[in-house]
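In my numbering, the protein residues as written are 241 to 436.
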């Protein structure tokens, strides 16, 4: 006998940062063997990463069931499985991104006068290491070591291009100065400048 089917309507293939909710709901449709929508069917959602709410979810008059998917703590490809009695399972994929790489984009190895701002801004880029997607909305801290001066912005949130920037003013003594750059997920980066 032909079985009911569960079909994806929308929401597959999204990407979001770990521990955040995907922007779009996951929407599935349950239909009978002739393709007619089935209302009031309980659809259960299970995921390899994070949680789904609400589950189970009953289909509406159009046979649709809609849920929100909050990703877990593991980066990479993740799967959500939707099933209903006599239908499914249907797998929905997403990608969980982690800001685990920080790169110097501009402003490394500069030379400047003691007590003066370096001519070029220090710019770093935060990316997801697995997929190399840039990561907006990540807090980056810029911390000069003792005697290495100051920055105009100690904590900067990455912009839409995954970039964070600050101006580094050197300390009052000559020699090599160090600026430490760190994010919550992405580890750290140190860069040096020479004060003349």
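Every residue gets a Cβ at the ideal spot worked out from N, C-alpha and C, and that includes glycine.
Owing to the predicted nature of the structure, the values given are computational and were not obtained by experimental measurement.
Identified DSSP bridge partners for residue i
| i | result |
| --- | --- |
| residue 421 | 382 and 429 |
| residue 293 | 308 |
| residue 350 | 433 |
| residue 395 | 381 |
| residue 341 | 367 |
Cβ-Cβ distance between residue i and residue j below 9 angstroms
| i | j | result |
| --- | --- | --- |
| residue 362 | residue 347 | yes |
| residue 323 | residue 286 | yes |
| residue 384 | residue 352 | no |
| residue 335 | residue 255 | yes |
| residue 307 | residue 295 | yes |
| residue 318 | residue 298 | no |
| residue 340 | residue 425 | yes |
| residue 417 | residue 395 | no |
| residue 253 | residue 321 | no |
| residue 380 | residue 397 | yes |
For residue i, the first and last residue of its enclosing beta strand (DSSP E)
| i | result |
| --- | --- |
| residue 247 | 245 to 250 |
| residue 256 | 254 to 257 |
| residue 363 | 362 to 368 |
| residue 410 | Element bounds for residue 410: n/a, residue is neither H nor E. |
| residue 281 | Careful: residue 281 lies outside any beta strand (DSSP E) and carries neither H nor E. |
| residue 331 | 327 to 337 |
| residue 322 | 316 to 324 |
| residue 271 | 266 to 271 |
Environment of residue i [buried if 16+ CB atoms lie within 10 Å]
| i | result |
| --- | --- |
| residue 414 | exposed |
| residue 270 | buried |
| residue 276 | exposed |
| residue 313 | exposed |
| residue 421 | buried |
| residue 350 | buried |
| residue 262 | buried |
| residue 243 | exposed |
Rounded C-alpha distance that separates residue i from residue j
| i | j | result |
| --- | --- | --- |
| residue 388 | residue 310 | 42 angstroms |
| residue 409 | residue 428 | 20 angstroms |
| residue 407 | residue 423 | 18 angstroms |
| residue 370 | residue 364 | 18 angstroms |
| residue 268 | residue 401 | 33 angstroms |
| residue 325 | residue 419 | 59 angstroms |
| residue 392 | residue 358 | 11 angstroms |
| residue 372 | residue 404 | 17 angstroms |
| residue 329 | residue 272 | 15 angstroms |
| residue 377 | residue 274 | 46 angstroms |
| residue 258 | residue 288 | 13 angstroms |
| residue 303 | residue 248 | 12 angstroms |
| residue 354 | residue 390 | 12 angstroms |
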